[in-house]
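**Student:** Numbering-wise, the sequence shown is residues -17 to -1, 1 to 294 according to mature numbering (1 follows the signal peptide of the UniProt record, and there is no 0). Here a beta-carbon is modelled for each residue, glycine too, at the ideal position from N, C-alpha and C. The model shown is predicted, which means the values in this text are computed figures rather than measured ones.
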Amino acid sequence: MRAWIFFLLCLAGKALAAPQEALPDETEVIEDSTTEEPVGANPVQVEVGEFEEPTEVVEEIVAENPCQNHHCKHGKVCEVDDNNSPMCVCQDPSSCPATAGIFEKVCGTDNKTYDSSCHFFATKCTLEGTKKGHKLHLDYIGPCKFIPACLDTELTEFPLRMRDWLKNVLITLYERSPSRMTCGIPVNTLPTSPLHPISLLTRPPRPLPWQVKKIHENEKRLEAGDHTVELLARDFEKNYNMYIFPVHWQFGQLDQHPIDGYLSHTELAPLRAPLIPMEHCTTRFFEACDLDNDKYIALEEWASCFGIKER
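(1) Ala281 bridges to which residues according to DSSP?
(2) So for Glu202, helix, strand or coil by DSSP?
(3) Find out if the Cβ-Cβ distance for the pair Ile291, Val212 is shorter than 8 Å.
(4) Helix, strand or coil: how does DSSP classify Cys272 here?
(5) Comparing C-alpha positions only, which one of Gly125, Thr92, Gly208, Leu153 sits nearest to Gln233?
(6) Helix, strand or coil: how does DSSP classify Tyr123 here?
(7) Go to Cys108, then tell me how far its alpha helix (DSSP H) extends in each direction, as first and last residue.
(8) Is it true that the CB of Cys133 sits closer than 8 Å to the CB of Cys108?
(9) Going along the chain, which residues of its own chain have a beta-carbon closer than 7 Å to the beta-carbon of Leu215, five neighbours each way excluded?
(10) Less than 8 Å separating the beta-carbons of Cys55 and Cys79?
(11) Would Trp285 be called buried (16 or more neighbouring beta carbons within 10 Å of its own) or exposed?
(12) So what does Tyr97 bridge to, in DSSP terms?
(13) Identify the residues that DSSP records as bridge partners of Glu62: which are they?
(14) Tell me the residue span of the alpha helix (DSSP H) that contains Arg144.
(15) How far does the alpha helix (DSSP H) with Met225 in it extend, from its first residue to its last?
(16) Please classify Asn201 as buried or exposed, where buried requires at least 16 neighbouring CB atoms within 10 angstroms.
(17) Express the C-alpha separation of Lys197 and Thr96 in angstroms, rounding to a whole number.
(18) Measuring only the C-alpha atoms, how far is Met225 from Glu283?
(19) Nearest by alpha-carbon distance to Lys278: which of Pro260, Gln239, Ser247 is it?
(20) Hey, quick one: how far does the alpha helix (DSSP H) through Lys114 stretch, first residue to last?
(21) Put Phe289 into one of helix, strand or coil per three-state DSSP.
(22) Ignore the nearest five residues each way along the sequence and tell me which others in Leu121's own chain have a CB closer than 7 Å to its CB.
(23) Pick from Ala271, Pro192, Leu274: whose alpha carbon is nearest that of Tyr157?
(24) Would you call Glu293 buried or exposed, if buried means 16 or more other Cβ atoms sit within 10 Å of its Cβ?
(25) Under 8 Å between the Cβ atoms of Pro260 and Ile85?
(26) Tell me, to the nearest whole angstrom, how far the beta carbon of Cys71 is from that of Val63; I am working on the premise that it is less than 8 Å.
(27) Which first and last residues belong to the alpha helix (DSSP H) in which Asp218 is found?
(28) Is the beta carbon of Cys272 sitting closer than 8 Å to the one on Phe141?
(29) Out of curiosity, what's the CA-to-CA distance linking Lys221 and Leu205?
(30) Applying the 10 Å Cβ sphere with the 16-neighbour rule, what's the burial state of Thr17?
(31) Going by DSSP in three states, Gln51 sits in which element: helix, strand or coil?
(32) Between which residues of its own chain and Glu137 is the CB-CB distance below 6 Å, once the five residues before and five after are set aside?
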């Protein structure tokens, strides 16, 4: 009985969502001289006396704002110069929206807490061209706090859990994807990994490729959970091929500005910044990934950090 009710609800939903039949392009109108059109029926209609000439309504032409399609980077806003040309200038930190709570605060590499990312980037912009501004970066999300040192043993364990989390993120996204939904209701939503929540994803991902479906359907896949590092290490050795794509996928998600096979500090920030308050080995891990110390993490360096061999 429940199955039939669910089926009927789906049919009803589709019927309600179906577009109504379009009206014909022309409709014959029979004018009624005895009916007076009410004033205000048309937005530009004006009341005209019986013996007065109709008033011509002239539409005001509003010039397009030059800043409308002119985009500025974080910390800058668009203004128009004397020639009516758009330009990006540093935003006044006092013009940033008021913050709603402590969760909007961020910590800079200067160990100073800023009210929001808007306040941080606006401040950084005012320091452009200076040594202090060059070294200032957004360190992590949340107010500044004491971050304990990462021990060597902890650093060894970090990629084990990170690899497992990346795999589980893809599985969760696959199970929540529109192609696996019934009547608009997700079939399943998995709990997030104990490492950190799925909300840390950088942005809505592109359509998931076939590799994700293959991982999802693999019966040997280790289910999400709070596993020991010994179990994670054994599973990586046993199901090595299952971890290759998730590691490369996350690199591709971050490598966007520009797409060049290297991750800058700015490109890494969407993943790194939310992690640091919860995973104190984050900074040391990504610093260790930069094997040649050129301030960039190449794809080969990224893969090596996670134990993925070169093809």
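**Tutor:** With the given structure in hand:
(1) For the purposes of this step, residue 281 is identified with residue 298 of the sequence shown, where counting begins at 1. Beta-bridge pairing links Ala281 to Tyr245.
(2) Locating residue 202 in the sequence shown gives position 219, where the first residue counts as 1. Of the three classes helix, strand and coil, the one that applies to Glu202 here is coil, per DSSP.
(3) Taking the first residue of the sequence shown as 1, we reach residue 291 at position 308. Taking the first residue of the sequence shown as 1, we reach residue 212 at position 229. Not closer than 8 Å, so no.
(4) As a working mapping, residue 272 is identified with position 289 in the sequence shown. The DSSP-derived three-state label of Cys272 is helix.
(5) Walking along the sequence shown from the start, residue 233 turns up at place 250. Answer by Cα proximity: Leu153.
(6) Numbered from its first residue, the sequence shown carries residue 123 at position 140. Strand at Tyr123.
(7) The count along the sequence shown starts at 1 and reaches residue 108 at position 125. Per DSSP, Cys108 belongs to the alpha helix (DSSP H) from 100 to 109.
(8) Looking up residue 108 in the sequence shown gives position 125. Looking up residue 133 in the sequence shown gives position 150. Between Cys108 and Cys133, the gap from beta carbon to beta carbon reaches 8 Å or more.
(9) Within the sequence shown, numbered from 1, the residue matching residue 215 stands at position 232. The answer, listed in chain order, is Leu143, Arg144, Asp147.
(10) Against the sequence shown, residue 55 aligns to sequence position 72. Against the sequence shown, residue 79 aligns to sequence position 96. In this structure, Cys55 lies away from Cys79, with their beta-carbon atoms at least 8 Å apart.
(11) For the purposes of this step, residue 285 is taken as the residue at position 302 of the sequence shown. Burial call: buried.
(12) Position 114 of the sequence shown, counted from the start, is the residue given in the question as residue 97. Its beta-bridge partners are Val89.
(13) For the purposes of this step, residue 62 is taken as residue 79 along the sequence shown, with counting starting at 1. Glu62 pairs with Met70.
(14) By one-based count along the sequence shown, residue 144 stands at place 161. That run of the alpha helix (DSSP H) goes 135 to 158.
(15) What you label residue 225 is simply residue 242 of the sequence shown in a count that begins at 1. First-last of the alpha helix (DSSP H) with Met225: 224 to 237.
(16) On the sequence shown, residue 201 is found 218 positions in, with the first residue counted as 1. Exposed, since its Cβ has fewer than 16 Cβ neighbours within 10 Å.
(17) Reading the sequence shown from its first residue, position 113 is the one you call residue 96. Reading the sequence shown from its first residue, position 214 is the one you call residue 197. Those two C-alpha atoms are separated by around 44 Å.
(18) To locate residue 225, count along the sequence shown from 1; it is residue 242. To locate residue 283, count along the sequence shown from 1; it is residue 300. Cα to Cα, Met225 sits roughly 18 Å from Glu283.
(19) Indexing the sequence shown from 1 puts residue 278 at position 295. Comparing Cα-Cα distances from Lys278 to each of Pro260, Gln239, Ser247, the minimum goes to Ser247.
(20) Here residue 114 is taken as the residue at index 131 of the sequence shown, counted from 1. Run containing Lys114: 114 to 118, per the alpha helix (DSSP H) assignment.
(21) Position 306 of the sequence shown, counted from the start, is the residue given in the question as residue 289. Here Phe289 sits in coil by DSSP.
(22) The residue given as residue 121 occupies position 138 in the sequence shown. Cβ neighbours of Leu121 beyond the five flanking positions: Val89, Gly91, Ser100, Phe103, Ala252, Ala256.
(23) Taking the first residue of the sequence shown as position 1, residue 157 is located at position 174. With distances taken between Cα atoms, Tyr157 lies closest to Pro192.
(24) Reading the sequence shown from its first residue, position 310 is the one you call residue 293. Result: exposed.
(25) As a working note, residue 260 is residue 277 in the sequence shown. As a working note, residue 85 is residue 102 in the sequence shown. No, Cβ-Cβ distance for Pro260 and Ile85 is not below 8 Å.
(26) Position 88 of the sequence shown holds residue 71. Position 80 of the sequence shown holds residue 63. Not a contact, Cβ separation roughly 11 Å.
(27) In the sequence shown, the residue the question calls residue 218 occupies position 235. Annotation for Asp218: the continuous alpha helix (DSSP H) segment containing it runs 212 to 221.
(28) In the sequence shown, counting from the first residue as 1, residue 272 sits at position 289. In the sequence shown, counting from the first residue as 1, residue 141 sits at position 158. In this structure, the beta-carbon distance from Cys272 to Phe141 does not fall below 8 Å.
(29) Stepping through the sequence shown from its first residue, residue 221 is reached at position 238. Stepping through the sequence shown from its first residue, residue 205 is reached at position 222. The straight-line gap from Cα to Cα measures roughly 11 Å.
(30) Looking up residue 17 in the sequence shown gives position 34. At Thr17, the pLDDT of 47 sits below 50, so the modelled position is not reliable and the matter cannot be decided from this model.
(31) Here residue 51 refers to the residue found at position 68 when the sequence shown is read from its first residue. Assigned with DSSP and collapsed to three states, Gln51 falls in coil, not helix or strand.
(32) Looking up residue 137 in the sequence shown gives position 154. Non-local C-beta neighbours of Glu137 in its own chain, meaning closer than 6 Å and more than five positions away in sequence, comprise Cys264, ordered along the chain.
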